[in-house]
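Number 16 in numbering that gives the first Met the number 0 belongs to position 17 of the sequence shown; there are no gaps in the numbering. Just so it is clear, CB atoms sit at the ideal spot from N, CA and C, and this is done for glycine as well. Since the structure is predicted, the reported quantities are computational estimates derived from the model, not experimental observations.
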Amino acid sequence: MTEAGMETAEHAGNASRRRPFLLGCLTGLILGSVGLVAAVVAGSYVFQDQLVAQKRAKLKPPPVTLGVRADYSMVLQRLDGPDVAMESFHGKPVFLHFWSPDCVNCLPEMDGLNRLYLETADLDLIFACVAVAGFDDLPDMARTQALAFPVFYYKGELPELYSGGIPGTFVADREGNLALRHQGSAKWDDPSVAALLRFLAGAGE
């Protein structure tokens, strides 16, 4: 065999020996990449599960009206009269509305509340609209809006039952059981509201 032929054979042998080595390296890289991806995916699922568990631990039960009793622990101040202890509300149906003169969602309700009060003025029930902020504006507000209902205000911290924000409305029967619980604005002069109050007051029995 010539010298050139021997050199060619040697190169061929070296190349054949390199192939398994390169193939092994490539396979190792692929398997390593797959393992890394699998580890990242598994880690993301673990993190997601932990996040879901944390959020689940912070969940609170939704508010329900059935079986909930009104809280009459407050003493209300009246714009043009003596203070009123809500304990005196026991034994009568109660329409309790929390609002504020500086609440943009409360102001559109005033006319409807006025009409509801006038429509149910003949009933034996408590109609209490309680301002919880904007006290300096309350006298002018009551005058300019020609509020027919008694205007109350409360400067303390509201009980948890009533702390969902304003406007907030609660209607209770004679025993203090809530028949209606609503957060947000509403059309209070709708006939269905007056009908509910008449039913609770026993009108027409």
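Asked	Found
Tell me the DSSP secondary structure of residue 142 in three-state form.	helix
I want to know whether the region 167 to 175 touches the region 90 to 98 - three or more CB-CB distances under 8 Å.	yes
Taking buried to mean at least 16 other C-beta atoms within 10 Å of its own C-beta, is residue 167 buried or exposed?	buried
Would you kindly work out how many angstroms separate the C-alpha atoms of residue 96 and residue 77, rounded to a whole number?	14 Å
Measure the CB-CB distance between residue 163 and residue 182 and report whether it falls below 8 Å.	yes
Per the DSSP calculation, residue 128 is bridged to which residue(s)?	96, 150
I need the straight-line Cα distance from residue 169 to residue 156, nearest angstrom please.	17 Å
Between the region 95 to 115 and the region 185 to 195, do at least 3 Cβ pairs fall closer than 8 Å?	yes
DSSP state of residue 114, grouped into three classes?	helix
For the 8 Å Cβ check, are there 3 or more pairs between the region 147 to 156 and the region 123 to 132?	yes
Tell me which residues share the same chain as residue 51 and place their Cβ nearer than 8 Å to its Cβ, disregarding the 5 neighbours each side in the sequence.	A caution first: residue 51 carries a pLDDT of 43, below 50, which makes its placement in the model unreliable, though a value can still be read off. No residues qualify anywhere along the chain.
My assumption, with CB atoms under 8 Å, is that residue 70 sits in contact with residue 138. Please give the rounded CB distance.	Not quite, the Cβ-Cβ distance comes to about 27 Å (not below 8 Å), so this is no contact.
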